[in-house]
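In the UniProt record's numbering, the protein residues as written are 1 to 272.
Positions of the beta carbon are idealized from the N, C-alpha and C atoms, including for glycine.
Presented below is the structure to which this report refers.
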Amino acid sequence: MKLFDAHCHLQDKRVIDKASELISAALAVGVTNFAVNGTSEKDWDLVKEMGETYPSVVPCFGIHPWFIADRSPHWFNTLKKLFETNPTAAVGEIGLDKGPLAAGIDYSDQLVVFRPQLELAKELNKPVAVHCIDAFDDLLEIMRSVGPFPAGVILHSFNGSAEVVPKLAELGAYFSFSGWFTYIDEKVAKKTSKSIPSDRFLLETDSPDGLPKSDESSSDPKPTLNEPANILAVLDYVANLSNMKKEEVAELSYVNTVRLFSYPGSKLLTEQ
Numbered sequence: 001m002k003l004f005d006a007h008c009h010l011q012d013k014r015v016i017d018k019a020s021e022l023i024s025a026a027l028a029v030g031v032t033n034f035a036v037n038g039t040s041e042k043d044w045d046l047v048k049e050m051g052e053t054y055p056s057v058v059p060c061f062g063i064h065p066w067f068i069a070d071r072s073p074h075w076f077n078t079l080k081k082l083f084e085t086n087p088t089a090a091v092g093e094i095g096l097d098k099g100p101l102a103a104g105i106d107y108s109d110q111l112v113v114f115r116p117q118l119e120l121a122k123e124l125n126k127p128v129a130v131h132c133i134d135a136f137d138d139l140l141e142i143m144r145s146v147g148p149f150p151a152g153v154i155l156h157s158f159n160g161s162a163e164v165v166p167k168l169a170e171l172g173a174y175f176s177f178s179g180w181f182t183y184i185d186e187k188v189a190k191k192t193s194k195s196i197p198s199d200r201f202l203l204e205t206d207s208p209d210g211l212p213k214s215d216e217s218s219s220d221p222k223p224t225l226n227e228p229a230n231i232l233a234v235l236d237y238v239a240n241l242s243n244m245k246k247e248e249v250a251e252l253s254y255v256n257t258v259r260l261f262s263y264p265g266s267k268l269l270t271e272q
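Set out below in structure tokens:
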């Protein structure tokens, strides 16, 4: 059984010293690849180095909405040059966030940073990982004006409604479930999972965040940080929710993710 972690942050300062160990542990349970997403100019070099060090890592570069205030005046030129010198890279993490964790972050400024990155992904014909919290109406409007996106838009840690799925899918969206999905009301989660086309479904960890909900009856000490090997817990949850065998869910998500990340210049093409 093969799995592909469609979105994680192994360059995060909380886990980067253990990245080799975390990657090895995940490889041992069947995770073949990791899409490691940058979030600001400050970590792009770390992601680049990780992509060069580990054959299994797909590097991704972008500015996350939470970190737009830290960008330099020349951030976009720097980003474009990164893709010129790193053809194996995808785009991400970018996005829009109107949620409580983004309180105090200028939303109009988020739009200013988001749109050119989305346009760049389309221009480069690369998949792009998108963070969207409470902003799906705006995301849909922008995707319609810029898209469609034949290379794919990954709605990572997807928490949107079932109703928005077909509208986004029509434009090239993929829908990725992480450990955060295990905390959603089960009826809502079931409706959402059923709404997603089988060829647009992905699994991820969003590690070191997104730790899946654990068994409350267990007396074992609970970890505080997530890791790619925990994609197995996400797989189990989604399989149970969908009344499918986990091997079938794993195969679906793996094939979809490999297809998505097999863009021109991708590491996955050279591996085949």
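With DSSP run on the structure shown, which of helix, strand or coil describes F261?
-> coil
Pick from A169, R200, F76 that is closest to N256, judged by C-alpha positions = R200
So who's on the other strand from F177, going by DSSP bridges?
-> L203
Nearest-angstrom beta carbon gap, V113 and I68 [assumed within contact, 8 Å] | 5 Å
Taking all protein chains shown into account, do 16 or more other C-beta atoms lie within 10 angstroms of the C-beta of P127, making it buried, or fewer, making it exposed?
-> buried
Using the rule of at least 16 other Cβ atoms within 10 Å of the residue's Cβ for burial, across every protein chain shown, is P264 buried or exposed?
-> exposed
Could you tell me which uninterrupted alpha helix (DSSP H) segments, each at least 4 residues in length, are contained entirely in the segment 133 to 164, listed from first to last along the chain?
-> 136 to 146
Exposed or buried, which one is M50 when buried takes at least 16 other CB atoms within 10 Å?
-> buried
Pick from I23, V29, S198, W75: whose alpha carbon is nearest that of V58?
-> I23
Just to confirm, does F67 get its C-beta within under 6 Å of one of the non-hydrogen atoms of the ligand COA?
-> What this structure holds is no ligand at all, so the ligand COA is not there to describe.
Where the beta strand (DSSP E) through E170 begins and ends = It is not in any beta strand (DSSP E) - E170 carries neither H nor E in the DSSP assignment.
Same chain, Cβ closer than 6 Å to A162, neighbours up to 5 away in sequence not counted = K191, T192, S195
For the beta strand (DSSP E) that E93 lies in, which residues bound it at each end?
-> 90 to 97
Can you find a CB in chain C that lies within less than 7 Å of the CB of P127?
-> Protein chain content of the structure displayed is limited to a single chain, and chain C is not contained in it.
Three-state secondary structure (DSSP) at D236?
-> helix
For S217, three-class secondary structure by DSSP = Reliability fails at S217, whose pLDDT of 47 lies under 50, so the model's placement of it is uncertain and the value that follows must be treated cautiously. The answer is coil: DSSP assigns S217 none of H, G, I, E or B.
Given that a residue counts as buried once 16 or more other Cβ atoms are within 10 Å of its Cβ, and exposed if not, what is T205?
-> buried
Using CA coordinates, which residue listed in Q117, P65, S72 is at the minimum distance from A104?
-> According to the sequence provided, residue 104 is Gly. The question's Ala does not apply to it. Nearest C-alpha to G104: P65.
DSSP puts P59 in a beta bridge; with which residues?
-> V36
What did DSSP end up calling K267 once you bin it into helix, strand or coil?
-> helix
What residue from A89, P73, G147 has the CA that sits closest to G172's CA?
-> G147
Across which residues does DSSP place L3 in a beta bridge pair?
-> V31
Below 8 Å CB to CB, which residues in the same chain sit around D109 once its five sequence neighbours on both sides are set aside?
-> I68, A69
Three-state class that DSSP yields for V15 in the structure shown | coil
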